[in-house]
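Below is one structure; the comments refer to it alone.
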Amino acid sequence: MRNIVLFFAFSIALVNSAFAEWTGGFSEGMYSNVFIKNIHTGQIDTHPYFCIEASNGARACSIKNLSIWGPSYGTLYDLALYFYMTGESVRVYYDPGVWYDESFNTDITANALVGLSSCGPDKCFGPSREIPSK
């Protein structure tokens, strides 16, 4: 019986780690060498959120404790404020079509903010989420 319990515990651990989500795990949702020109904060369904608008017009939001990206809310908020205040060039990672509230999507965006990276003169740090060209 003990071996069966250990087997199932080990199996669950493997399944959870095999499907880990990370910012570089998708093939779309990235803008490089932009700066954060606007930032907005508010609340939706008892959850705080913030949204950014990049210099190219792209928008993305983070909502605390919603979606797989919710746990990163605090880190993303701090970095977004930093990059907004300094005006540094950044790479914005987003996951398209995450938010489902119709008025939120119409007024702001359906894109979830999933990461930010600093950019130097030659390249940006972090994974590439560009769709490979064929």
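Take the sequence shown: its letters are residues -20 to -1, 1 to 114, numbered as in mature numbering (1 follows the signal peptide of the UniProt record, and there is no 0).
By construction, the Cβ of each residue, glycine as well, lies at the ideal position given by its N, Cα and C atoms.
Which of helix, strand or coil DSSP assigns to residue i
| i | result |
| --- | --- |
| P28 | strand |
| residue 191 | Coverage of the chain is limited to positions -20 through 114, which leaves residue 191 absent and any answer about it impossible. |
| L(-7) | Because the pLDDT at L(-7) is just 42, under 50, the model does not fix this residue reliably, and the value given afterwards should be weighed accordingly. Helix. |
| Y11 | strand |
| Y60 | Residue 60 is actually Ala in this sequence, not Tyr. Correct three-state label for A60: helix. |
| S42 | strand |
Neighbour-count burial assignment, residue i, 16 or more Cβ in a 10 Å radius
| i | result |
| --- | --- |
| T89 | buried |
| S83 | exposed |
| M65 | exposed |
| F63 | buried |
| D81 | exposed |
| G67 | exposed |
Cβ separation of residue i and residue j, assumed to be a contact under 8 angstroms, to the nearest whole Å
| i | j | result |
| --- | --- | --- |
| A40 | I32 | 6 angstroms |
| T21 | F15 | Not a contact, Cβ separation roughly 19 angstroms. |
| E8 | P107 | So it is not a contact: roughly 12 angstroms between Cβ atoms. |
| N18 | C104 | 20 angstroms between Cβ atoms; not a contact. |
Cβ pair residue i, residue j closer than 9 angstroms
| i | j | result |
| --- | --- | --- |
| V72 | G100 | no |
| V70 | N91 | no |
| K44 | G50 | yes |
| Y53 | S42 | yes |
| L93 | Y74 | yes |
Per DSSP, the bridge partner or partners of residue i
| i | result |
| --- | --- |
| residue 122 | For residue 122 there is no data in the structure shown, the boundaries of the chain being -20 and 114. |
| E33 | N18 and R39 |
Near the ligand GTP: residue i beta-carbon under 8 angstroms from a heavy atom
| i | result |
| --- | --- |
| F30 | As far as ligands go, the structure on display features none, and thus does not contain the ligand GTP. |
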